[in-house]
Amino acid sequence: MYISRVLITNYRCLKTADVTLNPDLNIIVGDNESGKSTLLEAIHLALTGQLNGRPIQTELHPHLFNAATVTEYIAALIAKAPAAPPAILIELYFHDDPVLSRLKGTNNTLGIDAPGVALSIEFNQEYAEEFKSYVADPTLIRTLPIEYYVVKWRGFADNDLVTSRSVPMKPAFIDASTIRNNAAASRYVVDIMRDSLNKEQKVDLALSYRMMKDAFLDNAKVKGVNEALAKKKGEISDKALSVSLDTSSRATWEAGVMPHLDEVPLPLVGKGEQNAIKIKLAMESSADSHLILIEEAENHLSFSNLNELIGHIAQRRGSRQLIVTTHSSFVLNKLGVESVVLFHHGKSIRLNALTTGTQDYFMRLPGHDTLRLILAKRAILVEGPSDELIVQAAYVKQHGKMPLEAGVDVISVNSLAFKRFLEIAVLLDRTVAVVTDNDGNIAALTAKYVDYVGKPKISILYDGDEQFPTLEPQLLKANGKVAIEKVLGKTFASDAALLNYMRDNKADTALKFFTTAEAWNVPGYIASAVS
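Below, the structure is given as C-alpha cells:
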C-alpha cells in the first residue's frame, strides 16, 4: 500500500500543496524554507494524528495555520467583509488496496472514490456565538484563537479515526537533523540499536551489564577505596559512605552503553558518518512500516557519501514507499527522473512530467547546475560566461550588491537549452529573464520564444537592432570606443579592431568590465533584466 497523492491547505508555510507520489522512491528536492519538512510533517500527522510525538489535540497552536491566510482573514474582519475562519486540511489519497477498503469513499476535496484519510483543524461551530463576540473588535486580533477550534480525523468513507491503529499504513519518520548534540546522538543510536535486537539479545546484554557492575565492586582497588571511605563514618555521616555503579532501574544498559565505530566512540566520529549510521539503523528498526519519511539525508555528507547513502536507502527500502527530502541537487542526476519531485512552497512537478528532450537534458547536467532555477528567488539566464560577468556587473552597478545576495541567480546556459529551463519555470511559476543575442535575425528569435509571449513571469530580453547581433557590438553601441578603451586599458585603431579584440578575448573583456572602476553604460536589454 502507498500514498498516491497529497493535498494540503493552510498548514504552516504551505498555503496550498498538491503532490503526486510514486509507489516506491520519491526524492523531494527544493531550497531551504521551501516547505519540504512541512510536507513530511503533514503526511506523518495525517497518518498518525500526532505532532512532535504527541496527539495533535495537545499540540494545537496558532502558528500551525498559514500566516498569509490568517493575515487575509483578519484583514477581511477589519474590512467587515464576510469571511469564514481559516481551516487546515491535510488529505492523503491511497492507492486502491483491499486492505484499505474501510477508508474508501468520496468524502474528499477531489470528490473521487478512493481510500484515504483527511485531518482537519477547523472552527467549532458550537462556539459560534462566543466567537462572534471575540471578533467584535478585529483590530485587537493578532492570531487565531485556537481554543475555538476542533480536530477532525476521518477516512474518506466519512468514518472517524480514533487512533493510528485505525489507519493500516504505518509510517516511520527519520529526521537525523534533529539530533543536535553528542549525548543526544548517542542516545538516538542506542534507541535504534535496542529496537534492532531480538528479545534474547536484549536479555543477554542486560545480564552482562549487571555482571559488569558486580565485578566492579569485587575489584581490589575499589574495595580499598570503599574501606578508606568507611573509616570516615561519623565524620561526614552516621552511615557508611562507599562508591558503586548505579544499580537502580534507570541505570539499564541503554543508559551506560556508548556506541562505537572501529572502537571509536560515536560522538568522536565525523558528523557525516554519524548521520549515515542513524539513518541506516533507523531503517533497519522500522522494518514493519509501510512508509519511510527521511528528512535531510544529506546532512554533513560529501557528494560521494550522499550518493552511497541514497543508494543504500533505495536498496534497503524493500517494497515500502520512501519519501526523502533534500536541498541537494546532486541526487537529481544520480537517480531516475521518475523519482524526483521539484518542490517550492506547495508547487511541485515531477521531472517525468517534462517533455522527453527536457528530461534527457537535465539528466546529463552536472549535479550542481541542475536545480539552480528552483533554488533561486529569481533567475536570469545568459548565453555564456562572458554574458554572466556582464550581467553580474550590471546588477552591482544598479543595486550595489551581487545578484545572489538578493536571491537572484545568473545562470550560464547554452542558448539551445533556454527553453528547457523555461519549461520548468512555467510549471513552477518562477520569475525568469532570458538575456540573449539577437544574432541578426529578430524574426527567428520571435518565433523561437512565441510560446512564452504573454507569460507574466517570463521575460525574453534582447536588442531589436540587427546590426548589433551579439554582446560585444552591444557594449560598443552603448559606450563607444573611447569609453571601452578606458575599461580595457588599451587603444585600438578603429571600432572594427576593437570588436575583433573583444570577440577574440571574450572572457578577459567581460572580466575587465566586471572589475573596472571606470564608468560604463549597460546595454538597455541587460539593464531591463537586472532592474
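For what it's worth, UniProt numbering labels the leading residue of the sequence shown as 1, then goes sequentially. Built from N, CA and C at the ideal position, the CB exists for glycine as well. Predicted, not measured: the structure shown is a model, and the values here were computed from it.
| query | Just the Cα atoms here: how many angstroms apart are isoleucine 390 and serine 528? | reply | 13 Å
| query | Which residue's Cα is closest to the Cα of threonine 515: Gln392, Lys457, Gln398? | reply | Closest option to threonine 515, Cα to Cα, is Gln392.
| Short Cβ contact (8 Å threshold) for lysine 36 with isoleucine 28 | Lysine 36 places its beta carbon less than 8 Å from that of isoleucine 28.
| Around the C-beta of threonine 355, are 16 or more other C-beta atoms found within 10 angstroms, so that it is buried, or is it exposed? | exposed
| field | Strand pairing of alanine 516, partner residues [DSSP] | value | Here residue 516 turns out to be threonine, not alanine, going by the sequence shown. None; threonine 516 has no bridge partner.
| field | For alanine 527, the three-state DSSP class (helix, strand or coil) | value | helix
| said: Would you call the stretch 16-26 in contact with the stretch 97-107, where contact means no fewer than 3 C-beta pairs closer than 8 Å? | reply: no
| Same chain, Cβ closer than 8 Å to asparagine 521, five either side skipped, listed in chain order | Ala478, Asn479, Ala483
| Under 8 Å between C-beta atoms of leucine 40 and glycine 346 | Their beta carbons are not under 8 Å apart, which means leucine 40 does not touch glycine 346 by this criterion.
| request: Say whether the stretch 147-165 touches the stretch 70-83, bearing in mind that this needs 3 or more beta-carbon pairs closer than 8 Å, one atom from each stretch. | output: Between the stretch 147-165 and the stretch 70-83, the count of Cβ pairs shorter than 8 Å is below three; the stretches do not touch.
| glycine 234 to serine 242 span [Cα, whole Å] | When rounded, the distance between both Cα atoms is 13 Å.
| said: Please classify lysine 132 as buried or exposed, where buried requires at least 16 neighbouring CB atoms within 10 angstroms. | reply: exposed
| message | Based on DSSP bridge pairs, tell me the residues matched to lysine 152. | response | Ser120
| message | Please tell me whether tyrosine 11 has its Cβ less than 8 Å away from any Cβ of chain D. | response | Absent here is chain D; the protein component of the structure consists of one chain.
| query | From this set, Ala230, Ser289, Ala215, which residue's C-alpha is nearest arginine 165's C-alpha? | reply | Ser289
| query | Going by other Cβ atoms of all chains shown within 10 Å of its Cβ, with 16 needed for buried, is alanine 183 buried or exposed? | reply | Confidence is the limiting factor: at alanine 183 the pLDDT is only 42, short of 50, which leaves the residue's position unreliable and the question unanswerable from this model.
| message | For serine 386 and lysine 490, which I take to be in contact (beta-carbon distance under 8 Å), what is that distance rounded to the nearest angstrom? | response | At roughly 17 Å, the Cβ-Cβ gap does not stay under 8 Å, so serine 386 and lysine 490 are not in contact.
| field | Close beta carbons around leucine 60, own chain, < 6 Å, minus the five adjacent residues each side | value | Ile146
| message | As a quick exercise: from Ala118, Asn438, Val453, Ala444, pick the residue whose alpha carbon is nearest that of valine 432. | response | Val453
| message | What does the alpha-carbon distance come out to for the pair valine 382 and alanine 496? | response | C-alpha separation (whole angstroms): 25 Å.
| Close beta carbons around phenylalanine 173, own chain, < 6 Å, minus the five adjacent residues each side | His44, Leu293
| So what's glutamine 467 in DSSP terms, helix, strand or just coil? | coil
| said: So, under 8 Å CB-CB, histidine 95 and tyrosine 2 are touching, yes? Tell me the CB distance rounded to an integer number of Å. | reply: At roughly 5 Å, the Cβ-Cβ gap stays under 8 Å, so histidine 95 and tyrosine 2 are in contact.
| request: Please name the residue in Tyr127, Ile56, Val6 whose C-alpha comes closest to that of proline 85. | output: Tyr127
| field | Selection from Glu33, Arg12, Lys397 that minimises the alpha carbon distance to leucine 64 | value | Arg12
| Quick one: what's serine 166 bridged to in DSSP? | For serine 166, which the question treats as bridged, DSSP gives no partner whatsoever.
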